[in-house]
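Working notes, beginning with the structure itself.
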Amino acid sequence: MVPDNSIVIAPSLLAADSVKFGAETLKVHRSGAEWFHLDIMDGVFVPNISFGPDVIKSIRPLTNLFFDTHLMCSNPEILLEPFVRAGADSITIHVELGDKVTPLIWRIRSLGMKVGLAVNPPTSIEQVKPYLKHIDLLLVMTVNPGFGGQSFIPEMLPKIQKVHDWRKSENLGFRIQVDGGITQHTACDCHRSGADTFVSGSYLFKQPRLKTGVRKMRQALNVVDQQ
Ligand code: DX5
Ligand code: ZN
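Residue numbers (our numbering): 2 to 228.
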């Protein structure tokens with residue numbers, strides 16, 4: 002995990018061509034992105050099923066990129082050890098899991114991984130406040146989780162700003178990540194509100210060259226920093 006608030010771009014495996022996950026992983030490896038975002042869906046927490054630890058294990062040897070593992074799962078406790086063995090570097094769970102969140106945070110950390118906490122669009126941002134000093138990453142979902150290719154929800158921008166203000170007032174160091182409908186344009190909107198870590202699936206994988214898409218997104222974000 003990069004401790005400062007430098008920009009991190011994380012292409013999402015969910016948008017890759019699943020016929021050739023290996024080649025797609027190498028493409029991401031060479032793209033200039035710092036992280037690889039891995040969406041794990043159980044068909045219960047979200048109405049979709051994606052891929053499991055075995056897929057992560059198979060692509061792990063292909064890259065040293067940070068494996069940012071987003072568990073959209075109702076019982077993540079049974080998945081933590083399989084994913085740490087598969088090579089996950091961080092595990093993000095959802096605040097919507099309620100009483101499970103605190104024990105999960107400590108279990109993830111005890112397994113030596115970085116800890117992320119995600120909040121869905123309908124959920125009040127106040128719900129994440131008690132956990133902020135215990136996490137490395139706060140993920141503000143900018144779509145309802147479950148599928149790639151959805152439209153960005155601009156009403157999430159004030160939530161990003163709020164978390165950014167809390168991070169500053171409490172002098173905390175967690176990353177602020179956004180995920181869902183992130184393009185070069187919406188990434189800049191989120192950056193202006195305080196996000197520093199950008200998951201992008203369909204936008205980046207639709208570019209003629211993923212590497213160019215990452216470079217242009219980064220350039221646009223750097224321009225925001227100079228404004
Ligand atoms: C949605 C996932 C996102 C998704 C992003 O449930 O958490 O990571 O893959 O895909 P795009 O960038 O296409 O919205
Ligand atoms: Zn995700």
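Backbone N, C-alpha and C define an ideal beta-carbon position, used for all residues, glycine too.
Cβ-based neighbour list, residue i, same chain, cut-off 8 angstroms, excluding 5 preceding and 5 following
{"i": "Arg108", "result": "Glu78, Leu81"}
{"i": "Val129", "result": "Val96, Leu118, Val120, Leu139, Val164"}
Sub-8 angstroms separation of residue i and residue j beta-carbons
{"i": "Leu66", "j": "Leu27", "result": "no"}
{"i": "Ala17", "j": "His71", "result": "no"}
{"i": "Ser59", "j": "Leu15", "result": "no"}
{"i": "Ile41", "j": "Ala87", "result": "no"}
{"i": "Val215", "j": "Ile8", "result": "no"}
{"i": "Gly113", "j": "Val85", "result": "yes"}
{"i": "Ser75", "j": "Gly117", "result": "no"}
{"i": "His165", "j": "Ser194", "result": "yes"}
{"i": "Pro122", "j": "Pro83", "result": "no"}
Cut-off 6 angstroms between Cβ atoms - residues of its own chain near residue i, not counting five sequence neighbours on either side
{"i": "Ala196", "result": "Ile161, Ile177, Val179"}
{"i": "Val47", "result": "Met73, Pro146, Gly147"}
{"i": "Phe153", "result": "Thr143, Gly182, Thr187"}
{"i": "Met2", "result": "For Met2, the pLDDT reaches just 49, beneath the cut-off of 50, and the residue's location in the model is therefore unreliable, although a value from the coordinates is still provided. Closer than 6 angstroms at the Cβ level, and outside the excluded window around Met2, lie Lys115, Asp137."}
Helix, strand or coil at residue i [DSSP, three-state]
{"i": "Phe67", "result": "strand"}
{"i": "Met73", "result": "strand"}
{"i": "Met218", "result": "helix"}
{"i": "Thr93", "result": "strand"}
{"i": "Asp40", "result": "strand"}
{"i": "Arg176", "result": "strand"}
{"i": "Pro12", "result": "strand"}
{"i": "Gly113", "result": "coil"}
{"i": "Met2", "result": "Low confidence applies to Met2: its pLDDT is 49, below 50, so where it sits in the model is not reliable enough to give any reading."}
Check: residue i C-beta below 7 angstroms from any heavy atom of the ligand DX5
{"i": "Ile57", "result": "no"}
{"i": "His135", "result": "no"}
{"i": "Asp190", "result": "no"}
{"i": "Ile183", "result": "yes"}
{"i": "Lys73", "result": "Lys is not the amino acid found at residue 73; the sequence shown has Met there. Result yes, Cβ under 7 angstroms from the ligand DX5."}
{"i": "Gly44", "result": "no"}
{"i": "Val144", "result": "yes"}
Cβ shell of residue i (< 7 angstroms), same chain only, five flanking positions each side left out
{"i": "Gln185", "result": "Lys217, Met218, Ala221"}
{"i": "Lys212", "result": "Arg31, Ser32, Gly33"}
Local Cβ density within 10 Å of residue i, reported as buried at 16 or more and exposed below that
{"i": "Gly202", "result": "buried"}
{"i": "Glu25", "result": "buried"}
{"i": "Val141", "result": "buried"}
{"i": "Pro12", "result": "buried"}
{"i": "Asp1", "result": "Given that the chain is displayed from residue 2 to residue 228, the structure contains no residue 1 and the question cannot be resolved."}
{"i": "Thr198", "result": "buried"}
{"i": "Asp69", "result": "buried"}
{"i": "Asn223", "result": "exposed"}
{"i": "Val45", "result": "exposed"}
{"i": "Asn172", "result": "exposed"}
{"i": "Arg168", "result": "buried"}
{"i": "Gly149", "result": "buried"}
{"i": "Val102", "result": "buried"}
Distance cut-off 7 angstroms: residue i Cβ against heavy atoms of the ligand ZN
{"i": "Val200", "result": "yes"}
{"i": "Asp180", "result": "yes"}
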